[in-house]
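K.L.:
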Amino acid sequence: MSEPTIEALLAEGRTFPPSEEFRESSLVTDVDVYDEAERDWQGFWARQAQQLDWFEEWETVLEWDLPDAKWFSGGRINASYNCLDRHVIAGHGDQVAFHWEGEAGDTRTITYADLLDEVSRLANGLKSMGIGKGDRVAVYMGMVPELAVTLLACARIGAPHSVVFGGFTADSLRDRINDAEAKVLVTADGACRRGGTIALKEIADQALADCPSIEHVVMVRRTGQDVAFVEGRDVWYHDLVPQQSADCPPEPMDSEDLLYILYTSGTTGKPKGIMHTTGGYLTQCAWTHKYVFDLRPDTDVFWCTADIGWVTGHSYIVYGPLANRTTSVMYEGTPDYPDKDRFWRLIERYGVTILYTAPTAIRTFMKWGDEYPDRCDLSSLRLLGSVGEPINPEAWVWYWRHIGGERCPVVDTWWQTETGAIMISPLPGATTLKPGSATYPLPGIGADIVDEAGVPVGIPGGGYLVLTRPWPSMLRGIWGDPERYFKTYWNTYKGRYFAGDGAKRDEEGYYWLLGRVDDVMLVSGHNISTAEVEHALVGHHAVAEAAVVGKTDKVTGQAIAAFVILRAGNEPSEEFAKELRDHVAKNIGPIARPQSILFTDDLPKTRSGKIMRRLLRDVSEDHELGDTTTLADPGVVAGIKAKYLRDHPADEE
Ligand code: ATP
Ligand code: MG
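Here the numbering used here is used: the first residue of the sequence shown is 25, the next is one more, and so on.
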C-alpha cells in the first residue's frame, strides 16, 4: 500500500472529521444539540422519552434524592410493546428484525410480526407457570433467537429477567439464581460453540441442585443432545410455546418498575447485580442507538457482535435496536469458525452497514492478519463502533482502514453495565474523531474529571471520571444491597457518581479513557495509567497484546510489570524485551519503562474478553489469587504464574 503506515499516520497526529458524504445524510451534523441539551437537560430527556409509546404520560420527569433517581415516574409503559407491537401496528410487521445465523451456517429470518407472535406465546406460557409481574426469570442460553424472545416475553408480563452468560459455570449460575431468587429458568439442551457443544442443561442441573427458588425450567432444543428431564419441573419450549395463544396484552408497567437484573463482568472483583428499570432505560437505549449509530431503520443492517449475556447485548441487540425498528444480524458462534473470516463473511452476506464490536476482538483480528477481511466484500459498511475497553490507537486505525475501508467513522463508546447505555461517544456526523478517544459526553450527560479530593482538574488534565448528574438509564441499585450501591458509586465524591475509571482530557476537551483506577500505577511519585503503557507496547509492530500492572518496589514505590503476547513470527528474547522497554521509554518517558517483561501466549480475561489485571497483580505480588469465577480460562493464570516464578525467583523470599 502506498498510503502512510498506521505508525506514520498516528505519529502525524491525524484527526478524522466526518466526510462530506457521511454528513450529507447524517441525523446530527450540528454541535448545537449539545448546547440545547445543556440548557435544559431534563427537558432534553423528556423530549427523547416522548419518542416512545406511553400508555400513560409521566407526572414528573425526574425525582432525584441521591442516590435514588426516578425518571418519568407515574408514566405507564411496556418495553416489549415499544420494541414490537408499535412497529407492527404501524405497518412494519414484514420488516426483518433479526437475520439470525447459527454457527454451522443454519439461518432464520425473523420479522417483527414473527417476533411479536412468538414473544406473546412465550409470555402466555410463562404466565401459565404462575409467573407474573415482579417474579424473576433466570436465563441461561447460547445466542439463539429464543434468547431475545425470552427477554421480551419477560418484559411483556413485567417479570424481570436475569440473564447469565452461557459460558459461566454451574457455581456462577447457582449464585446468580439464588441471589435473584428466580422462579423459572429458561435454558437450552446445549449451545453450539466452535464446532462442538456446551451442555447447558447438564450444567444448569448441577446448579439447580442447590436453587430452592426455581419452580420450573423451560428448555429450548438447540443441539439435540441427551438431557435429563425432571417431570413436573422441566418443560420443552416447543411443547410449551406453540400451543399458547398469540394474544398477550402487554402489562402497563410503571416507568420505574424493574426491567432486569444483570451482573457486571467481574473485571475488578465480585460481580454486582445491577438493576435497571423501564422508561428511562428504554429512552436512553433508543436515543443513543439512534444517534450514536446514526441509524436509518429503513435501510441499515446493524450488527452488534456482543453476547446477550452482557449489557451490550441487552441494550444494543435487544432493547435499543428493536425500539428503533432496526434490522439486525444475530450470530451464534465464534469469529474463527469454520475460518477466521467468519465475521467478514457475515457482513458480506447480510450487507451489514453498522458494526459494533470490542477492542479485544479487533486486536485478535489484527493478530490473525489482514488477509481475512481483505478477501471479503465489506463495502456495505458505513459506520463502525467499539466498546468494552479502551481501544488503542493502532487498533482504531487498523479497524478504520482494514474493516471500514477508510470510509467509515469509528465511534468509541464508553459506558458500563451500571450506566445502561452509552455515555461518552462521538456523534459521527458532527464529531471530529481522534483514534483512541471516546471524544465527549453525549448531549444531556454530565461528566467531569476530578482529583483525589474531588476537585475538577480542568482542561487539560487527568484523574477520576465522575458523572455529575443522574441520567435516564442509570442503575437503580444493586439487587439486595442498597448499602453497597451507595458506597460503591456515590460515596467517594460528594454528589457525584464515581465510575471507577481513570480518564484525562486533552487541550480540546476530548476524553481519553485510561482504564480502571485500581489499575493505575504510582511509580516514583508519578501516576501512570496501564492503558498508556499498554498502548505504547501494542504500538510496536511485533506486539499483538499487552497488559501491565504495578508491583511493589522498594525503590520506586511501584514498578511496572508487563505481560506481552507477540505477533506470529516473532521470538521472545532478552534483547527483544530490552527493545520493548526502550520503546515504551521513548514513547512515554523513562519513568514508564517496564521493569520486567514476561512473554506469554495468553492473558487472563473475563468471559466478556476483558483483561483481568488484578490477577496479574496478584501473580506479580505473589498473592493468593482474588475472585476467579468470572475468568474465562483458569489455566491461563496458572501458566503465567509458573512462568513468572521461574523468571523471578528472587521475589519468592
Ligand atoms: P466489574 O464492574 O464487575 O469489575 P466491568 O467493569 O468489566 O466488571 P462492565 O460493566 O461490562 O463490567 O464494563 C464497564 C467497564 O468497561 C468500564 O467501567 C470501563 O472500564 C470499560 N469500558 C467500557 N467501554 C469502554 C471504552 N469505550 N473505553 C474505555 N473503557 C471502556
Ligand atoms: Mg465495572
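Beta carbons: idealized from backbone N, C-alpha and C, even for Gly.
#1: Since I believe tryptophan 503 is in contact with aspartate 203 (beta carbons under 8 angstroms), could you give me their beta-carbon distance rounded to a whole number of angstroms?
#2: Starting from histidine 240, follow the beta strand (DSSP E) in both directions and report where the run begins and ends.
#3: Just checking my contact of tryptophan 78 with arginine 100 at CB under 8 angstroms: how many whole Å lie between their CB atoms?
#4: Does the contact criterion of 3 or more C-beta pairs under 8 angstroms hold for the stretch 319-326 versus the stretch 371-379?
#5: Thinking just about the alpha-carbon of each residue, which of Tyr284, Pro433, Tyr261, Asp64 is nearest to the one in arginine 680?
#6: Looking at threonine 53 and glycine 524, is the spacing between their C-beta atoms short of 8 angstroms?
#7: Aspartate 213 and arginine 245 look like a contact to me (Cβ under 8 angstroms); what is the Cβ gap, rounded to whole Å?
#8: Would you say glutamine 440 touches the ligand ATP, meaning its beta carbon is less than 7 angstroms from a heavy atom?
#9: If you draw a straight line from the C-alpha of lysine 575 to the C-alpha of arginine 641, how long is it?
#10: Output needed for proline 484: all residues of its chain with C-beta closer than 6 angstroms, excluding positions within five of it in sequence on either side, in chain order.
#11: Apply the 10 Å Cβ neighbour rule to threonine 630 and answer buried if 16 or more other Cβ atoms are within range, or exposed otherwise.
#12: Relative to the alpha-carbon of alanine 32, which residue among Ser49, Ile635, Ala666, Gly563 has its alpha-carbon at the smallest distance?
#13: Between the C-alpha atoms of threonine 288 and isoleucine 298, what's the straight-line distance to the nearest angstrom?
#14: Nearest CA to the CA of alanine 592: which residue from Asp394, Leu546, Arg425, Asn551?
#15: I want to check one thing, is the minimum distance from the CB of glycine 524 to the heavy atoms of the ligand MG below 7 angstroms?
#16: Rounded to whole angstroms, what's the CA-CA distance from arginine 508 to glycine 429? Just pull it up for me.
#17: Measure the CB-CB distance between glutamine 619 and alanine 583 and report whether it falls below 8 angstroms.
#18: Measuring only the C-alpha atoms, how far is proline 184 from valine 208?
#19: May I ask whether a heavy atom of the ligand ATP can be found less than 7 angstroms away from the beta carbon of alanine 419?
#20: Give the straight-line distance between the Cα atoms of alanine 347 and isoleucine 552, rounded to the nearest whole angstrom.
#21: Can you give me the Cβ contacts of aspartate 318 inside the same chain, cut-off strictly under 7 angstroms, excluding the 5 residues immediately before and after it?
#22: Return the CA-CA distance between alanine 137 and leucine 108, expressed in angstroms with no decimal places.
#23: Please name the residue in Pro273, Arg540, Trp536 whose C-alpha comes closest to that of serine 461.
#24: Indicate whether leucine 561 and valine 544 have their beta-carbon atoms separated by less than 8 angstroms.
#25: Is it the case that the CB of arginine 320 approaches a heavy atom of the ligand ATP more closely than 7 angstroms?
#26: May I have a chain-ordered list of the alpha helix (DSSP H) segments no shorter than 4 residues that lie completely inside the stretch 314-358?
#27: Please state the DSSP three-state secondary structure of lysine 458.
#28: Between alanine 570 and alanine 585, is the Cβ-Cβ spacing less than 8 angstroms?
#29: Am I right that leucine 457 and proline 465 are in contact with their C-beta atoms under 8 angstroms? What's the rounded C-beta distance?
#30: To the nearest angstrom, how far is the alpha carbon of valine 242 from that of glutamate 44?
#31: With 16 other CB atoms within 10 Å as the buried threshold, where does aspartate 195 fall?
#32: Less than 6 angstroms between C-beta atoms, sequence neighbours within five positions excluded: which residues of the same chain meet that for threonine 463?
#33: The alpha helix (DSSP H) spanning phenylalanine 510 covers which residue range?
#34: How about threonine 554: is its Cβ closer than 7 angstroms to a heavy atom in the ligand MG?
#35: Since tyrosine 679 and alanine 103 are thought to touch, with beta carbons under 8 angstroms apart, how far apart are those beta carbons, to the nearest angstrom?
#36: Roughly how many whole angstroms lie between the Cα atoms of leucine 146 and glycine 220?
P.N.:
With the structure as the only source:
#1: Numbered from its first residue, the sequence shown carries residue 203 at position 179. Numbered from its first residue, the sequence shown carries residue 503 at position 479. A Cβ-Cβ distance of about 7 angstroms is found for the pair aspartate 203 and tryptophan 503, placing them in contact under the 8 angstroms criterion.
#2: On the sequence shown, position 216 is the one that residue 240 refers to. The continuous beta strand (DSSP E) containing histidine 240 extends over residues 240-244.
#3: For the purposes of this step, residue 78 is identified with residue 54 of the sequence shown, where counting begins at 1. For the purposes of this step, residue 100 is identified with residue 76 of the sequence shown, where counting begins at 1. At roughly 6 angstroms, the Cβ-Cβ gap stays under 8 angstroms, so tryptophan 78 and arginine 100 are in contact.
#4: Yes: the two stretches touch, three or more of their Cβ pairs being nearer than 8 angstroms.
#5: Here the chain covers residues 25 to 677 and nothing more, so residue 680 does not appear.
#6: Stepping through the sequence shown from its first residue, residue 524 is reached at position 500. Stepping through the sequence shown from its first residue, residue 53 is reached at position 29. It is not a contact, given that the beta carbons lie outside the stated cut-off.
#7: Taking the first residue of the sequence shown as 1, we reach residue 213 at position 189. Taking the first residue of the sequence shown as 1, we reach residue 245 at position 221. Contact flag correct, Cβ pair sits at about 6 angstroms.
#8: Taking the first residue of the sequence shown as 1, we reach residue 440 at position 416. Yes, Cβ of glutamine 440 sits closer than 7 angstroms to a heavy atom of the ligand ATP.
#9: Position 551 of the sequence shown, counting from 1, holds the residue named residue 575. Position 617 of the sequence shown, counting from 1, holds the residue named residue 641. Cα to Cα, the separation comes out at about 7 angstroms.
#10: Residue numbering aside, residue 484 sits at position 460 when the sequence shown is read from its first letter. Within the same chain, and ignoring the five residues on either side of proline 484 in sequence, the residues whose Cβ sits closer than 6 angstroms to its Cβ are Arg529, Asp530, Glu531.
#11: Taking the first residue of the sequence shown as position 1, residue 630 is located at position 606. Threonine 630 counts as buried, since at least 16 other C-beta atoms from the protein chains shown sit within 10 angstroms of its C-beta.
#12: Your numbering for residue 32 matches position 8 in the sequence shown. Looking at the Cα atoms, Gly563 is the closest of the given residues.
#13: On the sequence shown, position 264 is the one that residue 288 refers to. On the sequence shown, position 274 is the one that residue 298 refers to. About 7 angstroms.
#14: Along the sequence shown, read from residue 1 onward, the residue named residue 592 stands at position 568. Minimum Cα distance to alanine 592 is reached at Asp394.
#15: By one-based count along the sequence shown, residue 524 stands at place 500. Yes - the ligand MG has a heavy atom lying nearer than 7 angstroms to the Cβ of glycine 524.
#16: In the sequence shown, the residue the question calls residue 508 occupies position 484. In the sequence shown, the residue the question calls residue 429 occupies position 405. For arginine 508 and glycine 429, the gap between their C-alpha atoms comes out near 46 angstroms.
#17: One-based indexing of the sequence shown puts residue 619 at position 595. One-based indexing of the sequence shown puts residue 583 at position 559. Taking the C-beta atoms as reference points, alanine 583 is found nearer than 8 angstroms to glutamine 619.
#18: Counting from one through the sequence shown, the residue named residue 184 turns up at place 160. Counting from one through the sequence shown, the residue named residue 208 turns up at place 184. Taking the CA atoms as reference points, proline 184 sits about 11 angstroms from valine 208.
#19: Looking up residue 419 in the sequence shown gives position 395. In this structure, the ligand ATP has no non-hydrogen atom nearer than 7 angstroms to the beta-carbon of alanine 419.
#20: Translated into the one-based positions of the sequence shown, residue 347 becomes position 323. Translated into the one-based positions of the sequence shown, residue 552 becomes position 528. Our two residues, alanine 347 and isoleucine 552, have alpha carbons roughly 42 angstroms apart in a direct line.
#21: Start at 1 with the first residue of the sequence shown, and residue 318 comes out as number 294. By the criterion of a C-beta distance shorter than 7 angstroms, aspartate 318 is surrounded in its chain by Ser50, Leu51, Leu407, Pro452, Gly453, once the five residues flanking it on both sides are discounted.
#22: Here residue 137 corresponds to residue number 113 of the sequence shown, with the count starting at 1. Here residue 108 corresponds to residue number 84 of the sequence shown, with the count starting at 1. When rounded, the distance between both Cα atoms is 8 angstroms.
#23: As a position in the sequence shown, residue 461 is number 437, starting the count at 1. Closest in C-alpha terms to serine 461, from the list Pro273, Arg540, Trp536, comes Trp536.
#24: Here residue 561 refers to the residue found at position 537 when the sequence shown is read from its first residue. Here residue 544 refers to the residue found at position 520 when the sequence shown is read from its first residue. No; because the gap between Cβ atoms is not below 8 angstroms, this pair is not in contact.
#25: The residue labelled residue 320 in the question sits at position 296 within the sequence shown. No.
#26: Annotation: the stretch 314-358 contains the following complete segments of the alpha helix (DSSP H) (minimum length 4 residues), in chain order: 344-347.
#27: As a first step, residue 458 is located in the sequence shown; it is residue number 434 there, counting from the start. Note: lysine 458 maps to coil in three-state DSSP.
#28: The residue given as residue 570 occupies position 546 in the sequence shown. The residue given as residue 585 occupies position 561 in the sequence shown. In terms of Cβ geometry, alanine 570 and alanine 585 do not form a close pair [threshold 8 angstroms].
#29: Along the sequence shown, one-based indexing puts residue 457 at 433. Along the sequence shown, one-based indexing puts residue 465 at 441. The Cβ separation is near 16 angstroms, so there is no contact.
#30: Counting from one through the sequence shown, the residue named residue 242 turns up at place 218. Counting from one through the sequence shown, the residue named residue 44 turns up at place 20. Whole-angstrom Cα-Cα distance: 51 angstroms.
#31: The residue labelled residue 195 in the question sits at position 171 within the sequence shown. Taking a 10 Å sphere around the C-beta of aspartate 195, we find fewer than 16 other C-beta atoms and assign the residue as exposed.
#32: As a working note, residue 463 is residue 439 in the sequence shown. Taking C-beta separations shorter than 6 angstroms and ignoring five residues to either side along the sequence, the partners of threonine 463 in its chain run Pro450, Thr455, Tyr534, following chain order.
#33: Against the sequence shown, residue 510 aligns to sequence position 486. Under the DSSP assignment, phenylalanine 510 falls in the alpha helix (DSSP H) whose first and last residues are 506-513.
#34: Along the sequence shown, one-based indexing puts residue 554 at 530. No, the beta carbon of threonine 554 sits no closer than 7 angstroms to any heavy atom of the ligand MG.
#35: Coverage of the chain is limited to positions 25 through 677, which leaves residue 679 absent and any answer about it impossible.
#36: Indexing the sequence shown from 1 puts residue 146 at position 122. Indexing the sequence shown from 1 puts residue 220 at position 196. The straight-line gap from Cα to Cα measures roughly 28 angstroms.
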